[in-house]
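Participant: Got a structure here, written out as structure tokens. Questions coming.
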Amino acid sequence: MPVVAISVKHLNKLIGQDHPQEKLVQALEQLGCDVEDTVNLFLYKCPACGAPNDKLETEEGTKRCEFCGHEDGTIFEKFASDKVIRIDLLADRPDLFNVGGLARSLRGYLDIETGLPQFALSKGELEVNVDPAILKIRPYIVCAEAEVPALDHNSLREIMKLQENLHWGIGRDRKLSSIGVYNLDTIKGPITYTGVKPDSMKFYPLGYPDTQMTPAQILEKHPKGVGYAQLLQGKELYPILKDNQGMVLSMPPIINSEETRCQIGTTKLFIDVTGISEAAVVDSLNILTTGLIELGAKIKTVKVNYPDKSIVTPDLKSQKIEVGLQNAKDWIGVDFTKPEFEKSLRKMCLGVQLKKDGIYEVQYPAYRSDIRHEVDIFEDLAIGYGFDKIEPRLVPTMTVGSERAEEKISNIVRDIMLGLGYTEIMSLNLNSIENHITKINLPQDNNYVVVGNPKTINQKVVRKHLMSGILETLEKNKKKVVPQAIFELANVVCLNPEMETGTNEYRHVGFAVIGPDAGYAEVRAVLDSILRELGLTGQYVAATHPAFIEGRYAEVSNENGFLARVGELHPKVITNFNLAYPIAYCELRLIKVI
């Protein structure tokens, strides 16, 4: 989970009072934040884009810019340090991703400034025109203008960090939404949001002031382009934002242009959020703009002209939800008085108004994207009241835990295998197509679950058998003395279009023996022992399988269908894993999990 570093000095400044570091940490933890530690942080300036990159005092200095991707092999110039509180980001509270949002919440929690916050917007003159061609690619865009105090290294870092944290927390790594922040003084409106052919134009991407690239070249050569190329994979058009003079602002969701980058001293910002989820783009803009307001910004609206409608963004009007006082008492287990109920909610920056007997209308700000149900209000109520005041007690009804069926049968099989001298292994659920399919001679029939955007090629498929993990383990231990006998108890996933998820999940046991004398009879005897202990019977039928030697392979079934496969592995499979001895292998389906 990402970690955000919050300056103690800046946090106290925005709260409006000086609080000891220990008190801030305690208050943050009461708000639900997971505080890791307090450390010194060093800031390093990127020589290409000027962005401040931070590193802990215990870490090596920055060599690669996390914002533009610039890397030259040397440590960047260190220009500042700060005492910070490091907090694990709460995915359900993206409004707490920066110092402004945290200060706002702490002012409420510490009874400095309670109740529903109000945000003033002024009407801006800038307009954005949306080309119909982009609606099939990345259809949603919302925007804002911001007048900010002249940016320094700290405020520039705060904005960039909030931008990237929102990409993680709401944008799902820029897939659902991505944010662009620009120097408004470099832009001539109106702005056009359109799509272009991959090789139809060039611009200077951020961090490359002397090199123009086409959109296609950016995806191939620019560090950010390479990292996020999958978001535009297979698209005929790539998104582009450009101004009235034809200057490119950005190529969402990949990279901004060099001409529009924010610098030290910038006072006017243009902000856009594009994406494939309307809720994600709206929530991202609301959180970013309200966070900027906490840093002293004045926000202006932008008119966005779609082909069939026009909207004005951002819209920071509060939302409302009805909450029952008795429901709150039942959920939390505290007999709140009306004053306690109202005060606790106002401490959480919420508005409270009694509508009728026992029913309250609770107003919540536009940045609270996590509120969907009255239970979310109950959580805030408990925090505002104080978890330390809530007396723990046993629930009135008790249940008794028990083993899941697949674990019960697995424990029986595990005892059998260990008793027979086998060693248990645990391999990964994800594997490469090469090891899981190709090396085992299985057909490339796409009859397996594929990960859409894997971190590495070794995590491309979800395993549908245990053989590859067992063979990889034998390969890593090929210099050890043979014979070796190992087994694995784990789940496998098989495609089934009739299921809601498109898959079934089974608990399998796979086991193998490698050595000069390894053969069918040895693993067949083990399989017979397992079936006998489980009270199962099976019918062995000679069959063929590309991973096994013909005539030395059988499939086992009973009245419920397929049970197991057992046999001697084909020499090609053995050599594909760089092994030199015969291998006998068996895999038994124990139980359907899902």
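Here numbering that gives the first Met the number 0 is used: the first residue of the sequence shown is 0, the next is one more, and so on.
The beta carbon of each residue, even a glycine, is placed where N, CA and C say it ideally should be.
Our contact map puts N182 next to T312 with C-beta atoms below 8 Å; I'd like the distance itself, whole angstroms only.
Facilitator: With a Cβ gap of about 20 Å, N182 and T312 do not count as contacting.
Participant: Kindly list the residues whose CB is nearer than 7 Å to the CB of P214, restricted to its own chain and excluding five residues on each side of it in sequence; keep chain order.
Facilitator: V195, P197, Y237, M250
Participant: Consult DSSP for E59 and reduce its assignment to one of helix, strand or coil.
Facilitator: Three-state DSSP puts E59 in coil, outside helix and strand.
Participant: May I ask which residues mark the beginning and end of the alpha helix (DSSP H) holding T266?
Facilitator: T266 -> no alpha helix (DSSP H), and no H or E assigned at all.
Participant: Can you check which of these residues, F340, N428, L42, V480, is closest to D81 by C-alpha distance?
Facilitator: That would be L42, whose Cα lies nearest to the Cα of D81.
Participant: One question on the structure: do G49 and K62 come within less than 8 Å of each other, judged by their Cβ atoms?
Facilitator: no
Participant: Between S283 and S368, what straight-line distance do the alpha-carbon atoms span, to the nearest angstrom?
Facilitator: 9 Å
Participant: When you compare the stretch 510-526 with the stretch 475-486, are there three or more beta-carbon pairs, one atom per stretch, that lie closer than 8 Å?
Facilitator: yes
Participant: Where does the unbroken beta strand (DSSP E) through Y421 begin, and where does it stop?
Facilitator: Here Y421 belongs to no beta strand (DSSP E), and DSSP marks it neither H nor E.
Participant: Below 8 Å between beta carbons: does that hold for A145 and I263?
Facilitator: No, these two residues do not count as a Cβ contact at 8 Å.
Participant: Determine the DSSP secondary structure at H152, reduced to helix, strand or coil.
Facilitator: Helix at H152.
Participant: Pick out whichever of L40, H464, G501, L23 has its Cα sitting closest to the Cα of Y108.
Facilitator: L23
Participant: Among the residues of its own chain, which have a CB less than 8 Å from the CB of P515, if the five just before and after it don't count?
Facilitator: V481, P482, Y580, P581
Participant: Sort out for me which residues DSSP pairs A583 with in a bridge.
Facilitator: In DSSP, A583 forms a bridge with V512, E567.
Participant: Looking only at its own chain, which residues have a Cβ that is under 7 Å from the Cβ of V412, when we skip the five neighbours before and after it?
Facilitator: Here the set comprises L488, V508, I529, L589.
Participant: Compare the C-alpha of P570 against each of N559, G560, Y584 and name the closest.
Facilitator: Y584
Participant: Ends of the alpha helix (DSSP H) at P545?
Facilitator: Here P545 belongs to no alpha helix (DSSP H), and DSSP marks it neither H nor E.
Participant: Would you decide whether S556 is buried or exposed? Buried here means 16 or more other CB atoms lie within 10 Å of its CB.
Facilitator: exposed
Participant: Quick check: what's the CA-CA separation for A119 versus N285?
Facilitator: The alpha-carbon atoms of A119 and N285 are separated by roughly 13 Å.
Participant: Over the uninterrupted alpha helix (DSSP H) stretch that includes N243, give me the two end residues.
Facilitator: First-last for N243: undefined, no H or E at that position.
Participant: Does the stretch 159-169 come into contact with the stretch 331-351, if we say contact requires no fewer than three beta-carbon pairs (one atom in each stretch) closer than 8 Å?
Facilitator: no
Participant: List the endpoints of the continuous beta strand (DSSP E) containing E146.
Facilitator: 139-146
Participant: Would you kindly work out how many angstroms separate the C-alpha atoms of C64 and T273, rounded to a whole number?
Facilitator: Those two C-alpha atoms are separated by around 23 Å.
Participant: Taking the C-alpha atoms as reference points, what is the distance between T57 and N153?
Facilitator: 20 Å
Participant: Give the DSSP bridge partners of Q232, in chain order.
Facilitator: Its beta-bridge partners do not exist; DSSP assigns none.
Participant: Could you check where the beta strand (DSSP E) with G323 kicks off and where it finishes?
Facilitator: 318-323
Participant: Among G170, E373, G123, E124, which has the Cα closest to the Cα of G323?
Facilitator: Considering only alpha carbons, the answer is E373.
Participant: For V361, report the span of its beta strand (DSSP E) as first-last.
Facilitator: First-last of the beta strand (DSSP E) with V361: 358-363.
Participant: What does the alpha-carbon distance come out to for the pair G179 and N255?
Facilitator: 7 Å
Participant: Whose C-beta lies closer than 6 Å to the C-beta of K187 among residues of the same chain, with five residues either side of it excluded?
Facilitator: D242, N243, Q244
Participant: Note down the Cα distance separating Y384 from C348, rounded to an integer number of angstroms.
Facilitator: 13 Å
Participant: For the beta strand (DSSP E) that R371 lies in, which residues bound it at each end?
Facilitator: Segment: none, R371 is in no beta strand (DSSP E) and carries neither H nor E.
Participant: Given a cut-off of 8 Å on the beta-carbon distance, is the pair V450 and V492 in contact?
Facilitator: Result no, Cβ atoms of V450 and V492 do not sit closer than 8 Å.
Participant: Return the CA-CA distance between L526 and N452, expressed in angstroms with no decimal places.
Facilitator: Taking the straight line joining both Cα atoms gives about 38 Å.
Participant: Tell me whether Q483 sits in a helix, a strand or coil according to DSSP, three-state version.
Facilitator: strand
Participant: Provide the residue span of the beta strand (DSSP E) that contains R85, from first to last.
Facilitator: 76-87
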